Amino acid sequence: MIKIGIVDDHAIVRSGLKQFLSEHVDLRVEGEAANGREAIDLVRNKEIDVLLMDLSMPGQSGLDALAMLRAKAPDMGILILSGYPEEHYAINLIRQGASGYLNKECEPSEIVEAIRTIALGRRYLTPAVAELLAQQLNRKDDAPPHEQLSEREFQVFLKLAKGETAGDIAKSLSLSVKTVSTYRTRLMEKMSLSSNSDLTYYALKNRLID
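Positions in the sequence shown are counted from 1; adding 1 to them yields the numbering used here.
Structure below.
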């Protein structure tokens with residue numbers, strides 16, 4: 002029996018996934034969460050084999066929670082189920098420890114296939130994500146600027162692009178304001194940008210934020 006946790010801020014999405022997964026005899030939904038912070042509590046209190054997690058959620062997002070979830074449950078599979086196309090987030094997230102990445106427009110049967118693959122301790126790569134990984138290996142030097150950021154820099158970059166202040170970011174990531182400012186300086190340098198509005202424009206142009 003594969004024990005599953007569902008993390009999404011929309012109750013109707015959680016309900017639909019739970020209903021669909023309950024139709025498969027080898028899958029059992031152990032619990033639900035509406036954001037990253039609740040996901041961490043869920044993993045602390047329940048035994049989860051595969052966590053099905055959205056990216057964009059209020060409060061603590063899936064991206065913010067990923068490192069902490071990995072630290073708390075290193076053997077747990079984490080399948081990202083997101084509204085964003087693969088090319089925008091998949092590579093960064095797999096590099097940060099996600100076991101697989103699916104767009105929410107995928108066939109429901111593919112979610113089941115991904116869960117079963119990840120439960121075996123393997124990564125689940127769609128042909129699109131596998132192609133992106135292959136391309137990245139072939140063109141390390143001319144990868145988009147945001148793909149050259151570290152995990153923390155990428156988190157800070159997205160939050161700045163959404164208009165969050167250094168104080169807000171420091172609080173949500175449990176960092177000091179000074180550390181956030183250091184990350185900001187470093188990522189601005191790497192991306193050759195000079196202001197927060199440049200960051201927002203870049204993120205919107207590359208469809209990293211809505």
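Backbone N, C-alpha and C fix where the C-beta goes; we use that ideal spot for every residue, glycine too.
Every value quoted in this text rests on a predicted model; they were computed, and no experiment measured them.
**Request:** Give the straight-line distance between the Cα atoms of A68 and Y85, rounded to the nearest whole angstrom.
**Result:** So the two alpha carbons sit approximately 20 Å from each other.
**Asked** What is the DSSP secondary structure of N36, reduced to helix, strand or coil?
**Response** DSSP places N36 in coil when its eight states are reduced to three.
**Asked** I think A74 touches G37, with their Cβ atoms under 8 Å apart; what is that distance to the nearest whole Å?
**Response** Contact flag wrong, Cβ pair sits at about 14 Å.
**Request:** Tell me whether Y102 sits in a helix, a strand or coil according to DSSP, three-state version.
**Result:** Strand.
**Message:** Here's the rule I'm using: 16 or more other beta-carbon atoms within 10 Å means buried, otherwise exposed. How should H89 be labelled?
**Reply:** By the 10 Å Cβ count, H89 comes out buried.
**Request:** Would you tell me roughly how many angstroms separate the C-alpha atoms of N46 and A40, rounded to the nearest one?
**Result:** Those two C-alpha atoms are separated by around 10 Å.
**Message:** Is it the case that the segment 187-207 contacts the segment 145-154, given that we only count it when at least three CB pairs across the two stretches are under 8 Å?
**Reply:** Flag = yes, the segment 145-154 and the segment 187-207 touch.
**Message:** Which complete beta strand (DSSP E) runs does the segment 39-93 hold, if anything under 3 residues is left out?
**Reply:** Listed in chain order, they are 51-54 and 78-83.
**Request:** Please work out which residues of its chain come closer than 6 Å, Cβ to Cβ, to A162, disregarding the five sequence neighbours upstream and downstream, and give them in chain order.
**Result:** Result list for A162: L200, T201, A204 and I210, in chain order.
**Asked** In whole angstroms, what is the alpha-carbon distance linking K160 and R208?
**Response** If you take the alpha carbons of K160 and R208, they lie about 14 Å apart.
**Request:** Compute the Euclidean distance between the alpha carbons of Y102 and P128, then round it to the nearest angstrom.
**Result:** Taking the straight line from one Cα to the other gives about 11 Å.
**Message:** Buried or exposed, going by whether 16 or more other CB atoms sit within 10 Å of the CB of D9?
**Reply:** Residue environment analysis places D9 among the buried positions, since at least 16 neighbouring C-beta atoms fall within 10 angstroms of its C-beta.
**Prompt:** Ordered along the chain, which non-local residues of its own chain (more than five positions away) have a Cβ less than 7 Å from that of S173?
**Reply:** For S173, the CB contacts under 7 Å within the same chain, skipping 5 residues up- and downstream, are Q61 and D65 in chain order.
**Message:** I need the straight-line Cα distance from A144 to M192, nearest angstrom please.
**Reply:** Between A144 and M192, the alpha-carbon positions lie close to 11 Å from each other.
**Prompt:** Shortest alpha-carbon distance to L53 belongs to which of I119, E108 and T166?
**Reply:** Comparing alpha carbon positions, the residue from I119, E108 and T166 closest to L53 is I119.
**Item:** Same chain only: Cβ atoms within 8 Å of S83, ignoring 5 sequence neighbours per side
**Value:** Once the five neighbours on either side are set aside, the close Cβ partners of S83 are D55, L56, S57, G63, Y90, Y102, L103, N104 and K105.
**Prompt:** Using the beta-carbon count (16 or more within 10 Å), is D42 buried or exposed?
**Reply:** Exposed, by the Cβ-count rule.
**Message:** Please give the ranges of any alpha helix (DSSP H) in the segment 122-208, keeping only runs that are unbroken, at least 4 residues long and fully inside the region.
**Reply:** Whole alpha helix (DSSP H) segments, 4+ residues: 128-139, 152-162, 167-173, 178-192 and 197-206.
**Asked** Would a C-beta distance cut-off of 8 Å place V44 and M77 closer than the cut-off?
**Response** Against a cut-off of 8 Å, the Cβ pair of M77 and V44 comes out as a contact.
**Prompt:** Which residues in the same chain as A171 place their Cβ atom closer than 8 Å to its Cβ, once the five residues preceding and following it in sequence are excluded?
**Reply:** Once the five neighbours on either side are set aside, the close Cβ partners of A171 are S177, V178, T180 and V181.
**Request:** May I ask you to report which of helix, strand or coil DSSP gives I3?
**Result:** Here I3 sits in strand by DSSP.
**Request:** Starting from E114, follow the alpha helix (DSSP H) in both directions and report where the run begins and ends.
**Result:** Looking at the DSSP string, the run of the alpha helix (DSSP H) that includes E114 is P109 to A120.
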